[in-house]
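If you're matching them up, the sequences are chains A and B in order.
Under the UniProt record's numbering, the residue at position 469 of the first sequence is numbered 469, and the numbers go up by one with no gaps.
Under the UniProt record's numbering, the residue at position 655 of the second sequence is numbered 655, and the numbers go up by one with no gaps.
Comments concern the structure below.
There are 2 protein chains.
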Amino acid sequence: MARLSAVNPKELPLHSARGGPIFFQAHALQASSGPPLSAANQTLFDRAAREFSVTDTPRVPPNHLKWVQDAENNPDQFPDGVVCATPLFNISVMRRLLDNNHIELRDRLYQLFKHPDFHPRYGLSLAEERAHVMKMWKRVAALGFMQNSLSAGTVEGRQRYDAVIESCGMLSHSLDIKMSVHYGLFGATIKLMGDDEQAARWMPLLERCEMLGCFALTELGHGSNARAVETVAKYQPSSRTFIIYTPTDSAQKYWIGGAFQTARWTVCFAQLTVGSVCHGVHPFLVRIRNDDGSVAKGITLADCGHKCGLNGVDNGRIWFDNVSVPLGHMLRRYSQVSPDGVYTSKFSSPDERFGASLASLSGGRISVASGCLNQAKIGLTIAIRYALSRRAFGPRDGEEVRLLDYQSHQYRLIPALATTYSMQIVLNDLHQKWHRQELGKQLHVWSSGFKALMTWHSLATLQEAREACGGQGYKSENRIGPIKNGHDVAVTYEGDNHILLQAVTKTVLPEFIRGVRNGVFQGHFAYLNERGALQRADLSVMDARSLEYAEIVFRRREGAVFAKLAKQLEKMRQSGMSALEAFNNSAIVVEEAARAHTELIMLELLQRRLKSLDAEGQHDIVHALQMCATLYTLKCMDSSTVFVRSGALPATEADRVHNLLLSCCKEMRPYVLDFVKAFGIPAHLLAPIAFDYVGHNSRARL
Amino acid sequence: MARLSAVNPKELPLHSARGGPIFFQAHALQASSGPPLSAANQTLFDRAAREFSVTDTPRVPPNHLKWVQDAENNPDQFPDGVVCATPLFNISVMRRLLDNNHIELRDRLYQLFKHPDFHPRYGLSLAEERAHVMKMWKRVAALGFMQNSLSAGTVEGRQRYDAVIESCGMLSHSLDIKMSVHYGLFGATIKLMGDDEQAARWMPLLERCEMLGCFALTELGHGSNARAVETVAKYQPSSRTFIIYTPTDSAQKYWIGGAFQTARWTVCFAQLTVGSVCHGVHPFLVRIRNDDGSVAKGITLADCGHKCGLNGVDNGRIWFDNVSVPLGHMLRRYSQVSPDGVYTSKFSSPDERFGASLASLSGGRISVASGCLNQAKIGLTIAIRYALSRRAFGPRDGEEVRLLDYQSHQYRLIPALATTYSMQIVLNDLHQKWHRQELGKQLHVWSSGFKALMTWHSLATLQEAREACGGQGYKSENRIGPIKNGHDVAVTYEGDNHILLQAVTKTVLPEFIRGVRNGVFQGHFAYLNERGALQRADLSVMDARSLEYAEIVFRRREGAVFAKLAKQLEKMRQSGMSALEAFNNSAIVVEEAARAHTELIMLELLQRRLKSLDAEGQHDIVHALQMCATLYTLKCMDSSTVFVRSGALPATEADRVHNLLLSCCKEMRPYVLDFVKAFGIPAHLLAPIAFDYVGHNSRARL
């Protein structure tokens, strides 16, 4: 190895630039195998570094306007012309089905996003990126679309709210998060948890952005387990105020979107203490900054700092030093404290109370799932369009082959496309039920399960899309990479996906166990009353493309996994473990059960929706969606060994499913361009490589 | 839905800030449901935006020095104290085994990285980030470690080269790529493809950085299929020069690391044309900038722009306009042109010639695999240490449970840890053979397969580590997120992983087919001569922890997948498809075959290494590595349905493997801290959450 000898310690400065403590030890660092750099080549380095420093790198990628204009003029102008297949369905009908409502509103926002203020920007400092997002939000807010949205308490208002958030999310995840935090978490909590008077007082202000807010639930030491937050709100009858304080370092509010500089108000979740009794977590409206931007009395704010994405959102930390909050600022729809200090609540158990106080999170989870599916759509549209124009390898003297004509490329993108379609259909159903407020217990289970599976699907799809575009997928102007970095966080926020899956099983399992005990299954599990027939069904004679095939397999899996879990928990309990320990030590089966349940629910919703569309006479659409649904279920069965392990799918069928999946990709291949067009994403929200990547990179454009 | 009415178009400016064409249409954008923002709340927005603009966000995360110092003083000071198990092995012996060579050199570089110039920086503009990397490179270069490294042509030199690159990669991927491009791609090509005189002339200059270079192979239209590059080098006997030119837009050199501003020279790969004959792709040394930074005559350079990671590297584009290159600048070890225009080559076939000219890429692939495993180590160390201190949920009135004591958390991190260990052992073997230049055809196959599987493993591990740390994993100062963004590119550069897998099968399949035809298998496939016994082996009576169990399953799988592929190709050829079409239409089996082959090779190398360590008497180390190897093979078998589909693993065994995997995670759990310590990563290359995350975030540190 290289021999090392002592070097003059003066060569390496010993003081940090920030004047901090010296801890760098100038060890002998020079290899004896050669002299240090000469003066001449030091100059080479310095010159290169200086060139970088003085180069003004444009934040908006070069030729942005130009490629968009070309793409609009020739939306299907691939450099070598791609042959479109005979249409399978009407693109605009499909688009309306997917986007579901407020189509015109969405398109108008997309139109606004052509304005230079909304052009993409990369390589921004933290301060620049945050300022950019504020500027965009201001422009969107000025249109007034959010007014009377959540406050109205109508289906139209809630749909309009979601349409605005979703459209903004197509442009910038930081923008939609910033808005969701303010209107959706801060606002919706006031709407849901405040009484009518409180909602009437504050909702119009916040919908007009005269009151900018954030949502202070998470603490440094308490993320997923929100019930354990430590912040205290102690009622003082003498002054008729709550005194809010941060008792420990781990109790600081952390990750609070908008808290560092944007928000003037927060809904703070704290342990309500009246006299010597703690009544659990309750929400309080607290000022954190004055309108002039100065920090409010008793509040300390700090920056959460740079993240690997989503830097337009100024996540912050908050400490409360005996902040005095008027009695009227406790959100009191369900629980209240009388002036003389008597606590009353509409809920008898702390569990119910806690559940109700986090109700706004269910809507948040649906929004997150929805936003993520939209990002998958952007990634897929770009990657598929690129794969239709980009060629690589081929016969020695012939034209190279289009990427999408490789089986491997089809396998990477087409099942993801079909899954995105299937999930969107299912999510629309949930979304509609949410808008109409038709769901009870299911809301929690479905929104949790869907959020987990849809965000993971989206992230995996963006990863695949990025890889499928090679280096171009890594280039920021082509959007996939930055979108992926920004949406990565979706799998752990608004409920960590693993925790959400555990919550699904926790909620559903008791019904299964009741069925086992009673010998008769109710509700969702009723199909298990016919489990003999379910087991006897001979898959080998069935059409594996049919959703009936998938239904049998999904049901067998769910039944088997829940049975395994129930038996395992029982055994562990008998061996002396606490219920909690048994559950934690079964976490993998617990998550498999949640996935099995959620995928079966999704399949059932999909089947129902296809039937209703068929009844409406939309046969072409049904045909196209059926193709997607088949591919989606095949992909599920092919992706995990649980189907075989649980006995739901014999090994020979697993092989058949795998081969059929490949054929179905090939069958869908001629129609993929139409499928991505029906996502309705305008050119300027796509990327140069989705159109003429050679023209965009041509020398003439330098 | 919201009704939309016309708005004064003056409200939205119609001209782009850049003076470009007007294409923003000021459609009616105001919702009738409310007035636009009032003057008062416009001020709110403007103020927030202004606050962002004027805030100076620090590029080095706050308290960087402080937490590092604390961590060094108390490396095991988790906030609530973690009990370490009785050691299973000697940590420093294990570390030497993993890092393999130049341990002192590595540690000295790590020591250098404490200097303020190397402190982490986030939120930099493109120009700032590039300048920062140049500054770091200059400091490292000044130590002279690279002198006489590759040029020496010795095992020590090649090992020293890799040790420097790997150590720099622990700090910054941009730094190691920038250095790899210069020394490893530019330099190694001159060493390998230049004759002795050329190497003697240029290698010392470039190792002393008096000649900064890049590697111009990829073109806009030609990435994976490098043989199709269009750039032309036409020999002119009259002037004894090559005239190099870029014939089309798709022929521009693209993604060339360092080409935009750093490099002064490039090795340009171009189609050599002598008279009217094209002899295929050959390398030429070409000046692209003068030493003063001005662009050389006939050269046009452009920036590839911002990427979603790795922005310290200035990837650039190059056009050649009849650039005149002296005869002596064609790298002529294997092929040359005489002054009067006679082409001669040591290779008879263009295929061999092409293979030889890209030999430097094989070394590059090993380096990439190695760098990625190192990143997985960083991610795992941080996530595992955090999971040992962070707690969430628990008994109602007791302490919350440590994350790593959840089965789900173990399942997410521990198999990844075991896989990283197993892969490192195997890669060291390949690396050593490469340093000693002992490999022939295997070099291409192994380096391709290992690169693909190891980079994907690394990316998946970083993703899991990021998610396992929740929001903290997303925070830049905790490194995992930025590292993931930077290393994402590894799965598509230096050979796209899918293309590499296809190359593995393409190379190995003929040997399998010969065996089928001859009825006797040779070499690697010789085990198939006993395929009767292989099929009859009763797995259910075997110890599924043993590597013999895995060996049987892996062999069965490889045999079955190759047999399926051979049969399928044969059938397609008989139905009239060309060999190329048949291969493309079988791409999924082709990739499954490559994975089967590579995983079996890895298993065999692992078994051999364990045996040799055992023979050396390193029983504790062998025991620990055996634990890793078992978990790794179980994880392989549990992750893909191919084992069951191919008949390698009966469904009942798949279930047994799955359950055993969970038990093995639990068994390894007490030792994980030692396993990550043996990676030998100093505190300052880890993250605050790997130590006392509460202390680091405490209010006292504001």
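Even glycine gets a Cβ: it sits at the ideal position worked out from N, Cα and C.
Among the options, the one whose alpha carbon lies nearest that of residue i
i                     : options                        : result
C628 (chain B)        : B:A416, B:L673, B:L217         : B:A416
T381 (chain A)        : A:T43, A:V60, A:K677           : A:K677
R647 (chain B)        : B:A560, B:L631, B:D620         : At residue 647 (chain B) the sequence reads Gly, which differs from the Arg that was named. Nearest C-alpha to G647 (chain B): B:A560.
V337 (chain A)        : A:L625, A:N73, A:E104, A:C278  : A:C278
H182 (chain B)        : B:G532, B:L206, B:T154         : B:L206
V642 (chain B)        : A:I483, A:R656, A:N73, A:S180  : A:R656
residue 709 (chain B) : B:F347, B:G298, B:L610         : Since the first residue of chain B shown is 1 and the last is 702, residue 709 (chain B) is not available in this structure.
residue 776 (chain A) : A:R139, A:T419, A:F260, A:E128 : Shown here, chain A extends from 1 to 702; a query on residue 776 (chain A) therefore has no answer.
R555 (chain A)        : A:Q69, A:S180, A:E604, A:H329  : A:E604
I588 (chain A)        : B:I513, B:F512, B:K666, B:E591 : B:K666
L388 (chain B)        : B:D303, B:Q410, B:G398, B:V229 : B:Q410
L624 (chain A)        : A:Q437, A:T419, A:R317, A:W202 : The sequence shown places Ala at residue 624 (chain A), not Leu. Taking only the C-alpha atoms, the option nearest A624 (chain A) is A:T419.
Coil, strand or helix - residue i by DSSP
i                     : result
M330 (chain A)        : strand
V274 (chain A)        : strand
S367 (chain A)        : helix
S33 (chain A)         : Low local confidence applies: a pLDDT of 42 at S33 (chain A) is under 50, so the model's placement there is unreliable, with the coordinate-based value given in what follows. Correct three-state label for S33 (chain A): coil.
K234 (chain B)        : strand
C372 (chain A)        : helix
C268 (chain A)        : strand
K191 (chain A)        : helix
P116 (chain A)        : helix
E438 (chain A)        : coil
C628 (chain B)        : helix
residue 706 (chain B) : Residue 706 (chain B) is absent from the structure shown; chain B starts at 1 and stops at 702.
R514 (chain B)        : helix
R545 (chain B)        : coil
C214 (chain B)        : strand
E592 (chain B)        : helix
I244 (chain B)        : strand
D303 (chain B)        : strand
L528 (chain B)        : helix
Own chain residues within Cβ distance below 7 Å of residue i, not counting five before or after
i              : result
I366 (chain B) : L430, H431, W434, S447
G341 (chain B) : Y235, P237, V274, G275
E166 (chain A) : S370, G371, N374
V491 (chain B) : T455, W456, L459, N497
R106 (chain A) : D99, A163, S167
Chain-order list of residues whose beta-carbon lies under 6 Å from that of residue i (same chain, five-residue window excluded)
i              : result
S698 (chain A) : none
I320 (chain B) : Per the sequence presented here, residue 320 (chain B) reads as Phe, with Ile not at that position. Excluding residues within five positions, the ones whose Cβ falls inside 6 Å are I244, Y245, T246.
R701 (chain A) : N63
S476 (chain A) : Y122, P482
Q472 (chain A) : N478, I689
A683 (chain A) : V68, A71, E72
Contacts around residue i, its chain only, beta-carbon distance under 8 Å, and the 5 residues preceding and following it disregarded
i              : result
G394 (chain B) : E400, V401
T652 (chain A) : S540
Q.
List, from N- to C-terminal side, the beta strand (DSSP E) runs of 3 residues or more that fit wholly inside the segment 312-358 of chain A.
A. 316-320, 323-326, 335-337, 343-345
Q. If we count Cβ pairs, one from each stretch, closer than 8 Å, do we get three or more for the segment 668-676 of chain A versus the segment 458-477 of chain A?
A. no
Q. Within the chosen definition, does the segment 658-665 of chain B reach the segment 566-577 of chain B through at least 3 CB pairs nearer than 8 Å?
A. no
Q) Quick one: any contact between the segment 252-268 of chain A and the segment 203-219 of chain A, if contact means 3 or more CB pairs under 8 Å? A) yes
Q: Evaluate contact between the segment 149-163 of chain A and the segment 194-204 of chain A, counting only Cβ atoms and requiring at least three cross-stretch pairs below 8 Å.
A: The segment 149-163 of chain A is in contact with the segment 194-204 of chain A.
**Q.** Residue ranges of each alpha helix (DSSP H) within the UniProt domain "Acyl-CoA oxidase C-terminal" (562-686) of chain B, 4 or longer
**A.** 579-584, 587-615, 619-639, 642-645, 651-668, 672-677
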